[in-house]
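Under UniProt numbering, the sequence shown has 88 at position 88, and the numbering climbs by one with no breaks.
From the three backbone atoms N, C-alpha and C, an ideal C-beta is built for every residue, glycine too.
Just below is one structure, and these are the notes that go with it.
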Amino acid sequence: MVRLSEAVKLAFASIGSAKLRSALTTLGIIIGVAAVIANISMGASFGQYFEEEIGASGTNFIVIFTQKNNVFGDSQFNVVENTNGVAAVSPLNQQSATLKYQSAERTATVSGVLPDYEKVGNINMEHGQFLTSQDRNVAVIGSDVAYDKLTGIYLSRIL
1 MVRLSEAVKL AFASIGSAKL RSALTTLGII IGVAAVIANI SMGASFGQYF
51 EEEIGASGTN FIVIFTQKNN VFGDSQFNVV ENTNGVAAVS PLNQQSATLK
101 YQSAERTATV SGVLPDYEKV GNINMEHGQF LTSQDRNVAV IGSDVAYDKL
151 TGIYLSRIL
């Protein structure tokens, strides 16, 4: 059996006799270790980024998007709404539409929601109030739409 000291001497002699191969091997090991460290740190950074992004909307916030309309009926909606621990549920239907007021026309995204969307969507009203279950034929508009940039006055008329 070879003693440890003889094995170490033999290893250094082998490294010394093939300097280029030894340098390239060492370089490969350094690059490999650096790549592993970079990969681990990037993975940790992305993980932290996604946690922060998800945390911004709440860790208990779930959004379901579907390709087809009317995937969930009233019975499925009621099951989710009555599930223990569920604070609020609101379906959302978004469509592009042409909005008309007198002679003005604009294309905009119109969202149909229920009153609970104020909680679900984390809506902060600047003026007025959000929808209630008693409301009919009303709309909540964004502050950019409500504010007349020329006069500096908020809308006070019925649309």
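Consult DSSP for S75 and reduce its assignment to one of helix, strand or coil. Residue state, collapsed to three classes: helix.
Rounded to the nearest angstrom, what separates residue 227 and T66 at their Cα positions? In the structure as shown, the chain starts at 1 and stops at 159, and residue 227 therefore has no counterpart that could be examined.
Is the region 85 to 92 close to the region 111 to 128, with three or more CB pairs under 8 Å? Touching, yes.
According to DSSP, is S22 part of a helix, a strand, or is it coil? Note: S22 maps to helix in three-state DSSP.
Are the CB atoms of A97 and A108 within a distance shorter than 9 Å? It is a contact, given that the beta carbons lie within the stated cut-off.
Straight-line CA distance for V8 to N39? Taking the CA atoms as reference points, V8 sits about 33 Å from N39.
Could you spell out where the alpha helix (DSSP H) holding A13 opens and where it closes? Unbroken alpha helix (DSSP H) run through A13: L4 to S17.
From the DSSP secondary-structure annotation, give me the bridge partner or partners of S96. Beta-bridge pairing links S96 to T109.
Report the CB separation of P115 from L131 in whole angstroms; it is logged as a contact under 8 Å. Their Cβ separation, rounded to whole angstroms, is 5 Å, which keeps P115 and L131 in contact under 8 Å.
With DSSP collapsed to three states, give me the class of D135. Three-state result, D135: coil.
Residue from G142, V138 and Q134 with nearest C-alpha to N124: It is G142.
Can you check whether the C-beta of Q95 is within less than 9 Å of a C-beta belonging to chain C? Absent from the structure: chain C. Only one protein chain is present.
I need the boundaries of the alpha helix (DSSP H) containing V89, first residue and last residue. Careful: V89 lies outside any alpha helix (DSSP H) and carries neither H nor E.
Kindly list the residues whose CB is nearer than 6 Å to the CB of S133, restricted to its own chain and excluding five residues on each side of it in sequence; keep chain order. The beta carbon of S133 is closer than 6 Å to those of P115 in its chain, skipping five residues each way along the sequence.
Q129 vs G112 beta-carbon contact at 9 Å: No; because the gap between Cβ atoms is not below 9 Å, this pair is not in contact.
Should Y101 be labelled buried (16 or more other beta-carbon atoms within 10 Å of its own) or exposed? So Y101 ends up on the exposed side.
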